[in-house]
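Convert by adding 1373 to the 1-based position in the sequence shown; the result is the number in this note's numbering. Where a beta carbon is used, it is the ideal one built from N, C-alpha and C, also for glycine.
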Amino acid sequence: MLGNCEAVTPGTAARRSRGSGFVLSRGVVILFAVACGTAVANVYFAQPLLVTIGHDLAMSPGLVGSVVTLTHVGYGLGLFFLVPLGDVADRRRLIVAQTLLLVLALAAVATAHTAAILLAGMAGMGLLAVVTQTLMAFAASLAPPAQRGRVVGLVTSGVVIGILLARTASGLMADLAGWRSVYLASAALTALLALVLHRILPRHDDVPAISLRYGQLLRSTITLFVRERLLRLRALLGLLIFAAFSTLWSSIALPLSKPPYSLSHTAIGAWGLVGAVGALAATMAGRLNDRGLSQRTTGIALALLAASWLPLAFTRSSLWALVVGVILLDLAVQAVHVTNQTLIHALHPDAGSRLIGGYMIFYSIGSATGAIAATSLYTAAGWGAVCALGAAISCLAFALWTLTRHSTPDPTTKAT
């Protein structure tokens, strides 16, 4: 079923029980990581550009605010309606097709001269950016079970870097060449990646063994959540850790832009470089999962997540405290995220796209909830209250893991 992902001939391939499986080369895994990071970055480019975009297109403040909302709504719809297709279609063709359509959406945004075209382009861009999750499921399915955690970790590191550097890159490019240059450059890079993915990704010898009509496919995603307790628990953990993650990153600009720091937008965006250290945790957590240490990794990471809010509480008096808190929080979140994806994919490898797509819906809910709660709480009660919220969410995640860790077997131990 799976095609060749290395520069080798069919005669050198190792045959597996499920069709023709080939061990991923490190170069192809890096390609997956770059493609994932590039696609997901599009969802976050607009955040530092909203004022400029609104002024250019004469949009009201309320309409400008809907830019981010529509992008995330599109992303959420894509997770449910598009990502599951990876379980019944040739993933290579699906990925290339979605990537090319994403180029069109980016071009529409870059050339938009009315608010309606811009908003439609943003929604379409969010919808198609879920190619990130199709790529993730494809990479996980191609990896040998004993190396799946490491592969998921490496690809996730690309996602982390894409998310955290998107704001910095878009702010710098907009300062140099205007906000439209951000989307034009992304469209060009995405088109190039579509060509590379078309040439490099493995060709399937046949279609996936699962034969479901589209409606059945969507219903089966819900059925998986009903049947699999581990999936429900890991999805809930995902919701909580990304609520904590969003609590920090959606509100950190507020105290940094005020005295005593009064940092510029570019300087605030550069804090994403500190957060990118979390990419290291993704790879490290993947290796630990391959060694059967998923529960221990989760517990240590969730403890670090709760502890990270202590130095973060001193942000207004020390930037070094912020550095320590950001590193701890991002390391913890990415370690749990990689562990979650590795475990749920091992439940039903043939349903990898549906499992990861469904899990990421909870990620989106957590991110949106954390952002809304943090910004509202900051306005009402200040930075200390935001840190208390983040700590409470993190402690709730740790408590959930503590109460369930003995009742949820590790499916990766069976896979290996």
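- Here the alpha carbon of Val1555 sits roughly 19 Å from the alpha carbon of Leu1646.
- DSSP, reduced to helix, strand and coil, places Tyr1634 outside both helices and strands of the structure shown, so it counts as coil.
- Under the 8 Å Cβ criterion, the region 1669 to 1677 does not count as touching the region 1620 to 1630, having fewer than three qualifying pairs.
- Boundaries of the alpha helix (DSSP H) around Phe1598: Tyr1587 to Arg1600.
- With a cutoff of 8 Å on beta-carbon distance, Ala1406 and Ser1726 are scored as not near each other.
- A check of alpha carbon separations from Asp1463 across Leu1568, Asp1783 and Pro1575 identifies Pro1575 as the nearest.
- Judged by beta-carbon spacing, Ala1512 lies within the 8 Å limit of Val1528, meaning their Cβ atoms are closer than that value.
- Here Tyr1587 is exposed: its Cβ has fewer than 16 other Cβ atoms, across all protein chains shown, within 10 Å.
- Just so you know, the alpha carbons of Leu1695 and Gln1714 end up roughly 28 Å apart.
- Shortest Cα-Cα distance from Asp1723 to any of Val1469, Leu1666, Leu1590 and Met1498 involves Leu1590.
- Taking a 10 Å sphere around the C-beta of Trp1693, we find fewer than 16 other C-beta atoms and assign the residue as exposed.
- Taken in chain order, the unbroken stretches of alpha helix (DSSP H) that lie wholly in the region 1477 to 1531 and span 4 residues or more are 1488 to 1501 and 1504 to 1515.
- Assigned with DSSP and collapsed to three states, Leu1455 falls in coil, not helix or strand.
- Apart from sequence neighbours up to five positions away, the residues of its chain that approach Leu1685 with a beta-carbon distance below 8 Å are Leu1621, Ala1694, Leu1695, Gly1698, Val1699, Leu1702, Cys1760 and Gly1763, ordered along the chain.
- Between Leu1477 and the set Leu1606, Pro1457, Met1498 and Thr1688, the nearest pair of CA atoms involves Met1498.
- For Pro1784, there is no enclosing alpha helix (DSSP H), since its DSSP letter is neither H nor E.
- His1710 is a Cβ neighbour of Ile1614, given a cutoff of 8 Å.
- Comparing C-alpha distances from Ala1488 to each of Pro1517, Ala1480, Val1440 and Leu1473 shows the shortest one belongs to Val1440.
- Under the 10 Å beta carbon count, Ile1641 is surrounded by 16 or more other beta carbons and is classified as buried.
- Secondary structure of Met1432 (DSSP, three-state): coil.
- Under the Cβ criterion (8 Å, minimum of three pairs), the region 1501 to 1508 counts as touching the region 1407 to 1424.
- Boundaries of the alpha helix (DSSP H) harbouring Tyr1556: Trp1552 to Ile1573, taken from the DSSP string.
- Straight-line spacing of the CA atoms in Ile1738 and Tyr1448 works out to 11 Å.
- When rounded, the separation of the alpha-carbon atoms in Ile1536 and Ser1543 is 11 Å.
- Taking all protein chains in view, the Cβ of Ala1658 is crowded by 16 or more other Cβ atoms within 10 Å, so the residue is classified as buried.
- In this structure, DSSP gives Ala1772 a helical state, which the three-state scheme calls helix.
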